[in-house]
Amino acid sequence: MRVLETERLLLKPIEAEDLNFLMQLRWNADIVEHIIHSPISSRTQQQWYENVIKSGDLVLSIFYKDEKDKTKITLIGTIGLYDFNYRHQRATLKSMRILPEYQGKNIGLEATDLLMDYGFNVLNLNKICCDLFEDNVARLKGLIKLGFKKEGTLRKHYFHNGKFKDAAIYSLLRTDYNKIKKKF
Numbered sequence: 005m006r007v008l009e010t011e012r013l014l015l016k017p018i019e020a021e022d023l024n025f026l027m028q029l030r031w032n033a034d035i036v037e038h039i040i041h042s043p044i045s046s047r048t049q050q051q052w053y054e055n056v057i058k059s060g061d062l063v064l065s066i067f068y069k070d071e072k073d074k075t076k077i078t079l080i081g082t083i084g085l086y087d088f089n090y091r092h093q094r095a096t097l098k099s100m101r102i103l104p105e106y107q108g109k110n111i112g113l114e115a116t117d118l119l120m121d122y123g124f125n126v127l128n129l130n131k132i133c134c135d136l137f138e139d140n141v142a143r144l145k146g147l148i149k150l151g152f153k154k155e156g157t158l159r160k161h162y163f164h165n166g167k168f169k170d171a172a173i174y175s176l177l178r179t180d181y182n183k184i185k186k187k188f
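Take the position in the sequence shown, starting the count at 1, then add 4; the result is the number in this note's numbering.
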């Protein structure tokens, strides 16, 4: 896979040296509040990484380019496409995690848009799905801005922080994405 790039961001496949950073993201209280998966041990993290390599899932590290010196980059998050089904030309968007100090700057939106473009126009996917907590308002707004449509709600689908939470199911079709993309 090639590196994906915008003026501000660089997305590249996660590497073993990124795992310590990913562990920090998984244990960050501000991030854990909004993600489906709970914190894990370093051993489980290593097993996860090995499974990602074997499975063909596309997990990318998000790097932020320094505003003054674009050659300086800082690892700030992750994003990924999982559960590829090439027969039906679809995948699932997951693993969006960004350090809190970089949130609120449309970085998640920009990274998602870049990955959607790659998924639809390079991998030839027809549909990309996403499920997330219904109370993750910032992420929902970003998905809707990119053209994702709500397909439904899975009631009390995840047990998180001592209670059951609903999951919102969203999807984006290539035809809808290409219409929206022209507006950006």
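Where is the CB? At the ideal position from N, CA and C, for every residue including glycine.
Item                                                                                                                                      : Value
Hey, how far is the Cα of Lys98 from the Cα of Leu118?                                                                                    : 14 Å
If we ignore side chains and look at the alpha-carbon of each, how far apart do Phe188 and Asn125 end up?                                 : Per-residue confidence for Phe188 stands at a pLDDT of 47, beneath the threshold of 50, marking its modelled position as unreliable; no derived number is given.
Considering just the uninterrupted stretch of the beta strand (DSSP E) at Glu155, what are its terminal residues?                         : 153-164
Hey, which unbroken runs of the alpha helix (DSSP H) at 4 residues or more fall wholly within the region 40-76?                           : 46-59
Assign Arg30 to one of two classes, buried (16 or more other C-beta atoms within 10 Å of its C-beta) or exposed (fewer than that).        : buried
Are three or more beta carbon pairs between the region 153-170 and the region 103-123 nearer than 8 Å?                                    : no
Where does Leu150 sit, in a helix, a strand or coil, going by DSSP?                                                                       : coil
What residue does the beta strand (DSSP E) around Leu113 start on, and which one ends it?                                                 : No beta strand (DSSP E) holds Leu113; the alpha helix (DSSP H) holding it covers 111-125.
Would you give the residue range spanned by the alpha helix (DSSP H) that Thr179 belongs to?                                              : 178-185
Are any of the Cβ atoms in chain C nearer than 7 Å to that of Leu147?                                                                     : In summary, chain C is missing from the structure at hand, where a single protein chain is found.
Roughly how many angstroms separate the alpha carbons of Asn140 and Gly146, rounded to a whole number?                                    : 10 Å
For Asp180 and Leu113, what's the separation of their Cα atoms in angstroms?                                                              : 16 Å
Of the residues Arg91, Leu144, Asp61, Glu21, which one's Cα is nearest the Cα of Ser46?                                                   : Glu21
Return helix, strand or coil for Glu11, following the three-state DSSP convention.                                                        : coil
Is Phe188 helix, strand or coil when you go by DSSP?                                                                                      : Caution applies to Phe188, whose pLDDT of 47 falls short of 50 and renders its modelled position unreliable; the model cannot decide the point.
Can at least three beta-carbon pairs, one atom from the region 100-107 and one from the region 47-54, be found at a separation below 8 Å? : no
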